[in-house]
Amino acid sequence: MPVRVQYADFDLSTELAALRAGHPDTGATVAFVGTVREMNGGGAVSLLELEHYPGMTESALADIVSQARSRWALIDVLVVHRIGPLQASEQIVLVAVAARHRGEAFAACEFIMDYLKTRAPFWKKESSAEGTHWVDAREADEAALARWGVEEPGRQRDMHTLT
Amino acid sequence: MQLTLRYFASLREALGLSHEQITAAGTPANVHDVLVLLRQRGGAWAETLADGNAFRVAVDQRMGTLASPVHPGAEVAFFPPVTGG
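This is the structure in structure tokens:
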């Protein structure tokens, strides 16, 4: 199962060992671990709540993995994304790629993260002493995906061209 | 035409609704037609889904655009730009 959406934390070593198991041709394993960044910086404890679109999330992640597989020769891929309430510094996402050589593994790992950031239906809500707010999407994330020659569908500018 | 509509995150909160089944008057051909029907409800619907607001759409759990066709029984979702990872 290359894609998991779960409340539970994950253990990097266990996941990487499972990814490589049975694939002695693996020469490079690249893993990206995203953690909850403390947004306030001022010591106020914050909590992140992850909402997602059940069903679509899993299919969107599977689609992202298959896009990566069509671009690079990959041996195996794992994506784990957590949902629910998360504290600062907790692990939130894991993308791990196994390939014969590091070039494919590095590139595919970054591609999957860039894709995930703008295509996978997750939303972060941050709570702190100052209140609660939904985290805004960053234009930089869309620019990161555009590097790979991928245009994001459904952007607001479509509103004007299509109406 | 029967449609299932779903709303997520800040849109869900602004609209006060996570999902609904509607019987659309006429036959909406695409997401934009559905959007027009929703805006006609006025209030939070007209405001939240106004032209110029940043939101995304999905049809049958695939990212789409306002031009994406809808069919009887389709699941159409509206949500803000995603912020996972």
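So the protein sequences, as listed, match chains A and B. The first sequence begins at 33 in our numbering and counts up one residue at a time. The second sequence begins at -13 in our numbering and counts up one residue at a time. No residue lacks a Cβ here, since even glycine has one placed at the ideal position from N, Cα and C.
Cα separation between residue i and residue j?
i, j, result
"E212 (chain A)", "A(-5) (chain B)", "An answer regarding residue 212 (chain A) cannot be provided, because it is not within the stretch 33 to 195 covered by chain A."
"A15 (chain B)", "L3 (chain B)", "24 Å"
"V45 (chain B)", "E6 (chain B)", "15 Å"
"T46 (chain A)", "Q(-12) (chain B)", "46 Å"
"A60 (chain B)", "Q38 (chain A)", "27 Å"
"R103 (chain A)", "L110 (chain A)", "16 Å"
"T195 (chain A)", "G38 (chain B)", "For T195 (chain A), the predicted structure reports a pLDDT of 32, less than 50, and the residue's modelled location is therefore unreliable. The matter cannot be settled from this model."
"A53 (chain B)", "D108 (chain A)", "36 Å"
"T13 (chain B)", "R(-8) (chain B)", "19 Å"
"V68 (chain B)", "I8 (chain B)", "25 Å"
"R42 (chain B)", "P56 (chain A)", "42 Å"
"L48 (chain A)", "T61 (chain A)", "8 Å"
"R134 (chain A)", "L106 (chain A)", "10 Å"
"S78 (chain A)", "W155 (chain A)", "16 Å"
"A11 (chain B)", "H57 (chain B)", "13 Å"
"V20 (chain B)", "F42 (chain A)", "41 Å"
"T51 (chain B)", "V22 (chain B)", "14 Å"
"L44 (chain A)", "G163 (chain A)", "33 Å"
"H165 (chain A)", "E90 (chain A)", "25 Å"
"L93 (chain A)", "V112 (chain A)", "9 Å"
"Q188 (chain A)", "R52 (chain A)", "Note that Q188 (chain A) scores 42 on pLDDT, short of 50, meaning its location in the model is unreliable; the coordinates nonetheless yield the value given after this. Going by the C-alpha atoms only, they are around 41 Å apart."
"E183 (chain A)", "T150 (chain A)", "10 Å"
"V127 (chain A)", "I96 (chain A)", "11 Å"
"A0 (chain B)", "G87 (chain A)", "23 Å"
"E142 (chain A)", "V17 (chain B)", "32 Å"
"A169 (chain A)", "L(-3) (chain B)", "14 Å"
Using 9 Å as the threshold, is the C-beta distance between residue i and residue j below it?
i, j, result
"E122 (chain A)", "V35 (chain A)", "no"
"A63 (chain B)", "Y85 (chain A)", "yes"
"S160 (chain A)", "E81 (chain A)", "no"
"A100 (chain A)", "V125 (chain A)", "no"
"R48 (chain B)", "A36 (chain B)", "no"
"A40 (chain A)", "R114 (chain A)", "yes"
"G71 (chain B)", "A152 (chain A)", "yes"
"G54 (chain A)", "A131 (chain A)", "no"
(Q) Three or more C-beta pairs under 8 Å: does that hold for the segment 130 to 140 of chain A against the segment 26 to 33 of chain B? (A) no
Q | Three CB pairs or more closer than 8 Å across the segment 145 to 153 of chain A and the segment 173 to 180 of chain A | A | yes
Q.
Taking 8 Å as the cut-off, does the segment 102 to 122 of chain A touch the segment 53 to 70 of chain A (at least 3 CB pairs, one atom from each stretch)?
A. yes
Q: May I have a chain-ordered list of the alpha helix (DSSP H) segments no shorter than 4 residues that lie completely inside the segment 66 to 145 of chain A?
A: 88 to 103
Q: Quick one: which residues of the segment -13 to 5 of chain B get their C-beta closer than 7 Å to a C-beta of chain A? List them in chain order.
A: F(-6), A(-5) and S(-4)
Q. Between the segment 144 to 167 of chain A and chain B, which residues of the former have a C-beta closer than 8 Å to a C-beta of the latter?
A. M145, L148, K149, T150, R151, A152, P153, F154, W155, K156, K157, W166 and V167
Q: Closer than 8 Å, Cβ to Cβ, to anything on chain A: give me those residues from the segment 14 to 47 of chain B, in chain order.
A: H18, D37, G38, N39, A40, F41, R42, V43, A44 and Q47
Q: Could you please tell me which residues of the segment 47 to 70 of chain A, in chain order, have their CB closer than 7 Å to any CB of chain B?
A: G66
Q | Residues of the segment 75 to 99 of chain A with Cβ closer than 7 Å to any Cβ of chain B, in chain order | A | E83, Y85, G87, M88 and S91
Q. Which of the residues in the segment 57 to 69 of chain B, read from start to end, lie with their CB under 8 Å from any CB of chain A?
A. A63, F65, P66, P67, V68 and T69
Q: Return the residues of the segment 167 to 184 of chain A that lie within a Cβ-Cβ distance of less than 9 Å from chain B, sorted by chain order.
A: V167, D168, A169, R170, D173, E174 and E184
Q) Which residue spans inside the segment 6 to 51 of chain B form an unbroken beta strand (DSSP E) run of at least 3? A) 42 to 45 and 48 to 50
Q. According to a CB-to-CB cut-off of less than 8 Å, which residues of the segment 124 to 136 of chain A neighbour chain B?
A. I124 and V125
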